[in-house]
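Structure, as structure tokens:
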Amino acid sequence: MRTRWIEIMVGFFMVLGILALLGLALNVSGLKLSDRHGDYTVHARFENIGGLTSRAKVTLSGVQIGQVKSIKIDTQRLVALVSLDIYSEIDYLSIDSSAKILTAGLLGEQYIGISVGFEDDNLKDGDYIDDTQSALVLEDLIGKFLFNKVSN
Amino acid sequence: MLNQFALLGRSVLDRLAGIGRSGGVVWQSLVAKPAPFVMFPLLLKQIYFIGVLSLVIIIVSGLFIGMVLGLQGYTILVDYGSEQAVGQMVALSLVRELAPVVTALLFAGRAGSALTAEIGLMKATEQLSSLEMIGVDPLRRIVAPRLWAGFISMPILAIIFAMVGIWGGALVSVEWLGIFEGSFWSNMQNSVSFTGDVLNGVIKAVVFGIVVTWIAVFQGYDCVPTSEGISQATTRTVVYSSLAVLALDFILTALMFGDL
Amino acid sequence: MSVNNSPESIIDISALSFSRGTRQIFRHVDMKIPRGKITAIMGPSGTGKTTLLKLIGGQLRPDGGHIEIDGLDVHGISRQQLFTLRERMGMLFQSGALFTDMSVYENVAFPIKVHTKLPDDMVRDIVLLKLQAVGLRGARDLMPSELSGGMARRVALARAIALDPDIVMYDEPFTGQDPIAKGVLVKLIRQINEALGHTSIIVSHDIQETMSIADNIFLLSDGEVIASGSPQELLSNQTEQVKQFMQGLPDGPVPFHFSDDDVLEDLYFTEER
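Chains as they are written, first to last, in the numbering used here: chain A, 366 to 517; chain B, 20 to 279; chain C, 54 to 326.
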């Protein structure tokens, strides 16, 4: 009787632990089990990435369509080379799409916004986005502003 | 003056010898050939005493800590107009730090001290000697199931702690403070990574579980078998394991999140 | 189980030395414990009688000398062999040392279940017989915390003889027992020894009870055997130390006072110091 109670309670404990782990995985970290497969990667070069980090969001009209996979230096052109993982179901980004580094709110984290162009061909795995716009760096902006003031 | 040095050296040597002995105890109990049919019921019983009976204190503390985090996070973040980020703050601090560390500290106080006292009392009442004379290795019969039970229970408790805490944080910020539920959860999901944060937190919990159980079991096994000796051993368990957990937490955090 | 045919002694202790910290407990002790008899090891408190039992059981390691049981060196064999050897020994601990999380029945059944693969009903028969032998068959479902001190010791005795060992060691079996319980234990030890024909070793300082059952007595003091022989021989021994212990005199070679200072000096002249 007592042994049985112990067995039941230990089983309950284990189930509770597994449920909590599932909760952490799905609810808290937003782990999606299936759609990691079939993502495709496109690359984009930026003059300045500002505070962009890997795992930052990639959005289309504000909707997340992927995330930043890695950030490296393109050793030939000496600019930042950013690889983007795009969800496989987003297969309608035209080849002349543009990528901008945007900031969520005034102090929020930086992410990449994609705007679609007009060509019929779509981006495929390994393609490059040519039309890019670098991050707005606050110091540069202030510098420009002051310079304009002075020259005026 | 020289005597002082001698004393210092002596105490360092004693400590080192103690660490060596405790390693020996763990080694012998875990490496000794396993007897699953005998082991399994004993293991279940120990998981019950160590894990299941610690559930209540873990759930209650987790809930309150999560609620406090929600409240504090809100009052700070609302000044910057980014109170939506409270979910992210609660989840990250719980998953990365508070769940493993606070669970380990509570575990040391609740289960560790009980382990030490139980094994110490068995030693004092000659039950360990008696087992040996019956021809049963007390390391296998008494120590091994408790070690395994501690190793298994502690990470599970930490995971439950984290989940309950996040739920408590959601309760406060969504239900009481009126943060929009969708942004609470989506902010959290965008910033918490499963491999980077959740798994690292679980790894921490596993390490702490091993260390706390090890200390507790060894202190019981090695204590002076008198009532005074047992009480000192119990105190040592709580003090040593708390210090070990906090120090290890710094090292692990530096390795995992510190970009070293 | 191999039973050595040497009729003389089952345990042979030679040149045994042991010390705890700086305190020397045994100095080159030699002892032969005869087979099938009841041997008592006696001596004042703190002479290491219990330590001797732990040395025989292989729980402690001597600094020098050997203990051989049927020709096997207790401290020279592997851990595995030692555990096999211990199946042939039963030990009754001073506190009883019953496993507090098991009932009386389970306590007695424990060694049988660990060392044999007998079916459950056979284990049950053996346990009930052993409990019957100590008169506690009716108490099988009680927990150790529900037993009186005397009963706990009897259960522990039933557990110690559960595997029909060749050697049974009793650590202070009479200490702290009321006269009735003492009488019961004396009778039990005698009876069981005769019925099972094993060797018994009793460590005790209860002279009356021990004298009444022992065939052979070793008297230990200050790490040495100071006298040995049958109870009658010891009683007629005229050595001061032996006389003091056997007759329970308060003062003698073991002084009543802890230090030798003159009491008058201590009382009157301390202020001048």
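Virtual Cβ for every residue (Gly too), placed ideally from N, Cα, C.
Got a sec? Which residues, its chain only, sit under 6 Å from Met-155 of chain C by beta carbon, not counting five neighbours each side?
On the third sequence, position 102 is the one that residue 155 of chain C refers to. Correct list: empty, nothing qualifies.
May I ask you to list, following chain order, the residues of the region 222 to 236 of chain C that have a beta carbon less than 9 Å from some beta carbon of chain B?
Met-222 and Asp-224
Taking only the alpha-carbon atoms, compute the straight-line gap between His-251 of chain C and Met-173 of chain B and give it to the nearest angstrom.
Position 198 of the third sequence, counting from 1, holds the residue named residue 251 of chain C. Position 154 of the second sequence, counting from 1, holds the residue named residue 173 of chain B. Each residue's Cα considered, the two are about 49 Å apart.
Give every residue of the same chain whose Cβ lies closer than 8 Å to the Cβ of Asp-268 of chain C, excluding the five residues on either side of it in the sequence, and list them in chain order.
The count along the third sequence starts at 1 and reaches residue 268 of chain C at position 215. Taken in chain order, the residues that qualify are Pro-87, Lys-90, Ile-91, Thr-92 and Ser-283.
Return the chain-ordered ranges of every beta strand (DSSP E) run that is complete within the region 198 to 266 of chain C and spans a minimum of 3 residues.
220 to 224 and 252 to 257
Counting contacts by CB-CB distance shorter than 8 Å, is Ile-249 of chain B in contact with chain A?
One-based indexing of the second sequence puts residue 249 of chain B at position 230. Answer no: the Cβ-Cβ gap between Ile-249 of chain B and chain A never drops below 8 Å.
Gln-147 of chain C: first and last residue of the uninterrupted alpha helix (DSSP H) it sits in
In the third sequence, the residue the question calls residue 147 of chain C occupies position 94. Segment: none, Gln-147 of chain C is in no alpha helix (DSSP H) and carries neither H nor E.
Any Cβ of chain A within less than 8 Å of the Cβ of Ser-112 of chain B?
Counted from its first residue, the second sequence places residue 112 of chain B at position 93. No, because no Cβ of chain A sits closer than 8 Å to the Cβ of Ser-112 of chain B.
Output, in chain order, the set of chain B residues within a Cβ distance shorter than 7 Å of Arg-420 of chain A.
For this step, residue 420 of chain A is matched to residue 55 along the first sequence. Per Cβ cutoff of 7 Å: Ser-212.
Can you tell me the Cα-Cα spacing of Thr-406 of chain A and Val-444 of chain A, whole angstroms?
Looking up residue 406 of chain A in the first sequence gives position 41. Looking up residue 444 of chain A in the first sequence gives position 79. Whole-angstrom Cα-Cα distance: 19 Å.
Between the C-alpha atoms of Asp-439 of chain A and Gly-482 of chain A, what's the straight-line distance to the nearest angstrom?
Sequence index remark: in the first sequence, residue 439 of chain A carries index 74 (1-based). Sequence index remark: in the first sequence, residue 482 of chain A carries index 117 (1-based). Rounded to whole angstroms, Asp-439 of chain A to Gly-482 of chain A spans 25 Å at the Cα level.
Tyr-452 of chain A (DSSP reduced to helix, strand or coil)
Reading the first sequence from its first residue, position 87 is the one you call residue 452 of chain A. The answer is coil: DSSP assigns Tyr-452 of chain A none of H, G, I, E or B.
Please confirm whether any heavy atom of the ligand COA lies closer than 7 Å to the CB of Gln-429 of chain A.
Only the bare structure without any ligand can be found here, which leaves the ligand COA out of the picture.
Any idea which residues DSSP pairs Val-407 of chain A with across the strands?
The residue labelled residue 407 of chain A in the question sits at position 42 within the first sequence. Per DSSP, A:Leu-449.
So what does DSSP say about Ser-569 of chain A, is it helix, strand or coil?
Residue 569 of chain A is absent from the structure shown; chain A starts at 366 and stops at 517.
Three-state class that DSSP yields for Ala-20 of chain B in the structure shown
Along the second sequence, read from residue 1 onward, the residue named residue 20 of chain B stands at position 1. Here residue 20 of chain B is Met; the residue named in the question, Ala, does not match the sequence. Reduced to three states, the DSSP call for Met-20 of chain B is coil.
Run through DSSP, which three-state label would Met-141 of chain B get?
Locating residue 141 of chain B in the second sequence gives position 122, counting from the first residue. Note: Met-141 of chain B maps to helix in three-state DSSP.
If we define contact as Cβ-Cβ less than 8 Å, is Arg-139 of chain C a contact residue for chain B?
Numbered from 1 along the third sequence, position 86 holds the residue referred to as residue 139 of chain C. For Arg-139 of chain C, the answer is yes, since a Cβ of chain B falls inside 8 Å of its Cβ.
So the beta strand (DSSP E) Thr-92 of chain C belongs to, where does it begin and stop?
Working through the third sequence from its first residue, we reach residue 92 of chain C at position 39. Where Thr-92 of chain C is concerned, the enclosing beta strand (DSSP E) stretches over 91 to 95.
Suppose you measure from the CA of Asn-392 of chain A to the CA of Ser-202 of chain B; what does that come to, to the nearest Å?
Translated into the one-based positions of the first sequence, residue 392 of chain A becomes position 27. Translated into the one-based positions of the second sequence, residue 202 of chain B becomes position 183. Answer to the nearest angstrom: the Cα atoms are 13 Å apart.
Which of helix, strand or coil DSSP assigns to Ile-436 of chain A
The residue labelled residue 436 of chain A in the question sits at position 71 within the first sequence. In this structure, Ile-436 of chain A counts as strand in the three-state DSSP scheme.
Taking buried to mean at least 16 other C-beta atoms within 10 Å of its own C-beta, is Thr-100 of chain C buried or exposed?
As a first step, residue 100 of chain C must be located in the third sequence, where it is residue number 47. It counts as buried.
Whole-angstrom distance between Val-428 of chain A and Asn-487 of chain A, CA atom to CA atom
Translated into positions along the first sequence, residue 487 of chain A becomes position 122. Translated into positions along the first sequence, residue 428 of chain A becomes position 63. Going from the Cα of Asn-487 of chain A to the Cα of Val-428 of chain A covers about 19 Å.
Residues that DSSP places opposite Pro-87 of chain C in a beta bridge:
Residue numbering aside, residue 87 of chain C sits at position 34 when the third sequence is read from its first letter. Answer is C:Ser-62.
Is the Cβ of Val-167 of chain C closer than 8 Å to any Cβ of chain B?
As a working mapping, residue 167 of chain C is identified with position 114 in the third sequence. Yes, contact with chain B.
Taking one C-beta from the region 186 to 196 of chain B and one from the region 68 to 83 of chain B each time, how about it: are there three or more such pairs within less than 8 Å?
yes
Quick one: is Ser-148 of chain C near chain B, going by C-beta distance under 8 Å?
Here residue 148 of chain C is taken as the residue at index 95 of the third sequence, counted from 1. Yes, its Cβ sits closer than 8 Å to a Cβ of chain B.
Measure the C-alpha to C-alpha separation of Asp-156 of chain B and Val-157 of chain C and round it to an integer number of angstroms.
Locating residue 156 of chain B in the second sequence gives position 137, where the first residue counts as 1. Locating residue 157 of chain C in the third sequence gives position 104, where the first residue counts as 1. One C-alpha to the other measures close to 21 Å.
Express the C-alpha separation of Leu-200 of chain C and Ile-177 of chain B in angstroms, rounding to a whole number.
Taking the second sequence and counting its residues from 1, one reaches residue 177 of chain B at position 158. Taking the third sequence and counting its residues from 1, one reaches residue 200 of chain C at position 147. The amino acid occupying residue 177 of chain B in the given sequence is Ala; Ile does not appear at that position. About 41 Å.
What separation, rounded to the nearest whole angstrom, lies between the Cα atoms of Gly-129 of chain C and Ser-30 of chain B?
The sequence position of residue 129 of chain C within the third sequence is 76, counting from 1. The sequence position of residue 30 of chain B within the second sequence is 11, counting from 1. So the two alpha carbons sit approximately 32 Å from each other.
Give a yes or no on whether the C-beta atoms belonging to Tyr-493 of chain A and His-408 of chain A are separated by under 8 Å.
Along the first sequence, one-based indexing puts residue 493 of chain A at 128. Along the first sequence, one-based indexing puts residue 408 of chain A at 43. Against a cut-off of 8 Å, the Cβ pair of His-408 of chain A and Tyr-493 of chain A comes out as a contact.
Suppose the cutoff is 6 Å on Cβ atoms and the five residues either side in sequence are ignored; what does the same chain contact list for Gln-147 of chain C look like?
The sequence position of residue 147 of chain C within the third sequence is 94, counting from 1. Excluding sequence neighbours, Gln-147 of chain C sits near Asp-224 and Glu-225.
To the nearest angstrom, how far is it from the Cα of Ser-274 of chain C to the Cα of Leu-106 of chain C?
Working through the third sequence from its first residue, we reach residue 274 of chain C at position 221. Working through the third sequence from its first residue, we reach residue 106 of chain C at position 53. Each residue's alpha carbon lies about 16 Å from the other.
Going along chain B, which residues have a C-beta under 7 Å from Ile-371 of chain A?
As a working mapping, residue 371 of chain A is identified with position 6 in the first sequence. The answer, in chain order, is Leu-63, Lys-64 and Tyr-67.
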